[in-house]
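To keep things clear, I will list the structure first and then write my remarks on it.
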Ligand SMILES: Nc1ncnc2c1ncn2[C@@H]1O[C@H](COP(=O)(O)OP(=O)(O)O)[C@@H](O)[C@H]1O
Ligand SMILES: N[C@@H](CC(=O)OP(=O)(O)O)C(=O)O
């Protein structure tokens, strides 16, 4: 069987939902459909998830929520009416939306998670209803009923291993279809918690692993995965096939088309992933495969960039001789619950790179003063605007001169990287630049390898 996931961009209107349903029904093996909340209808439109966040905040600020509820309801009404559902058929959407504030939540973070999750929950419910209306043996399956258990932060949860034991109990009849909401699971105490933004990709991968799917099809609004972000490079080359490892590095570093955490269940379940276009389902898209099934076509598979980093640069002579230096820094970070992303080092210096989302100005001041007091470095510099460029390709380890080509391409644009780090697997090279240089750096490197 196949698990098929449609992103919000593929479910934004009734017409698009019709396309998605046509694709779902075109192959009998497609038995489980994972859906996102309706996404943007036009480039400067708004996703239902963002409307739900606004709803939660309006409620928490004790302001009138009737207008925002109407706005959210209108999105589902448009889809339902396109398929001929009546006002009565759609009443449940309004009822569930208006009752959200009346539920019990352990705190405001859980409230926000539950409001957000309803973008997916209502959409799955509605799409199951539409399929039933068309006479199909389709049912809405909820994460509670399926046992999709999550732990961790209510708005940045992780799947719990028992989920796979629970999903193993699911038996589908040959003609049965399930519609499953993406983006959230249930905590052991029964509350809703969501994955991080874009997390419906993760649900699709969990289901693909848990239901032992032969293929996880991920439908979006582009012809698969390109070698660079189309917002930076005009008409970038498509990637026909790539490995899990390559995709994990590229999605971590900015290829937002597929969530980096969604690779893990697929890898664990050995399920190949096919990223395809809802608006052009005949296009083969991109296959993401285990290393063993893969032959590299290009030296470099992709060039990604992400700008939301900051870095702490520390310089101290004879650092390499000082035992416990790194341990003391990590203890300070741990005390404040701050994860770090990378820590490249030299003989007398070390750079610690952070994802900006885990920090605020107060925390930055606090960790800088504690590190200054504990470590007493000769130089401590906080670099607030830090970008990471990731150049990824399985074939890179077999080719000489890759680093020189990258550095020369940057030199031609007068960019001198702040950091260069080659991963132990030798399939990726990470470059640190200033935020404002990142797009130029991506263009220079892309042109070097693809033009
Ligand atoms: N390397 C890339 N290849 C393809 N798309 C990319 C890439 N990097 C960024 N994107 C963007 O990702 C978008 C699709 O992701 P997203 O909006 O999350 O889709 P969905 O709503 O289907 O989940 C594309 O429209 C494209 O603009
Ligand atoms: N709706 C959620 C989850 C998601 O995956 O959405 P999308 O498929 O539109 O990226 C979000 O906006 O974050």
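Numbering (UniProt numbering), first residue to last: 1 to 451. Think of the CB as a built atom: it goes at the ideal place given N, C-alpha and C, for glycine as much as any other residue.
- Between the stretch 119 to 131 and the stretch 140 to 160 there are three or more C-beta pairs closer than 8 Å, enough to call the two in contact.
- In the DSSP assignment, residue 419 falls within the unbroken beta strand (DSSP E) covering 419 to 422.
- Residue 445 holds the alpha-carbon nearest to the alpha-carbon of residue 301 among 445, 37, 92, 88.
- Per DSSP, residue 81 lies in no beta strand (DSSP E); the unbroken alpha helix (DSSP H) holding it starts and ends at 66 to 82.
- Ligand 2 has a heavy atom closer than 7 Å to the beta-carbon of residue 120.
- The C-alpha of residue 337 lies about 10 Å from the C-alpha of residue 359.
- For residue 304, the closest of 393, 174, 345 by C-alpha to C-alpha distance is 393.
- If you look at residue 265, you'll find it in the alpha helix (DSSP H) that goes 263 to 269.
- Annotation for residue 384: the continuous beta strand (DSSP E) segment containing it runs 379 to 392.
- Here residue 118 is not near residue 199, since their CB atoms are 8 Å or more apart.
- At least one heavy atom of ligand 2 is found less than 7 Å from the C-beta of residue 200.
- When DSSP states are grouped into helix, strand and coil, residue 274 belongs to the strand group.
- In terms of Cα proximity to residue 182, the closest of 40, 238, 231, 120 is 120.
- In the DSSP assignment, residue 218 forms a beta bridge with 5, 275.
- Around the beta carbon of residue 210, 16 or more other beta carbons lie within 10 angstroms, which makes this residue buried.
- Here residue 101 carries a helix assignment [DSSP, helix/strand/coil].
- At the C-beta level, residue 36 and residue 80 stay beyond 8 Å of one another.
- If you ignore the 5 residues before and after residue 435, its C-beta comes within less than 8 Å of the C-beta of 307, 385, 386, 387, all in its own chain and listed in chain order.
- Annotated as distal: residue 318 and residue 377, with beta-carbon spacing of 8 Å or more.
- Inter-residue distance for residue 256 and residue 234 is about 17 Å (C-alpha atoms, whole angstroms).
- Counting only residues of its own chain and dropping the five nearest sequence neighbours on each side, residue 422 has a CB closer than 7 Å to the CB of 429.
- Counted as a single uninterrupted DSSP element, the beta strand (DSSP E) harbouring residue 429 occupies residues 428 to 434.
- The straight-line gap separating the alpha-carbon atoms of residue 154 and residue 190 is approximately 12 Å.
- In this chain, the alpha helix (DSSP H) harbouring residue 370 covers 361 to 375.
- For residue 313, the enclosing beta strand (DSSP E) covers residues 302 to 315.
- Under DSSP, residue 170 takes part in no beta bridge, so it has no partner.
- In this structure, residue 387 has its CB at a distance of at least 7 Å from all heavy atoms of ligand 1.
- Boundaries of the alpha helix (DSSP H) around residue 128: 108 to 133.
- Remark: C-beta atoms of residue 187 and residue 116 do not approach each other more closely than 8 Å.
- At least one heavy atom of ligand 2 lies closer than 7 Å to the C-beta of residue 49.
- Less than 8 Å divides the Cβ of residue 48 from the Cβ of residue 72.
- Residue 376 has its Cβ no nearer than 7 Å to any heavy atom of ligand 1.
- Counting C-beta atoms within 10 angstroms of its own C-beta, residue 372 has fewer than 16 neighbours from the protein chains shown and is therefore classed as exposed.
- If you ignore the 5 residues before and after residue 391, its C-beta comes within less than 7 Å of the C-beta of 300, 303, 406, 428, 429, 445, all in its own chain and listed in chain order.
- Of the residues 324, 184, 366, the one whose Cα lies closest to the Cα of residue 333 is 366.
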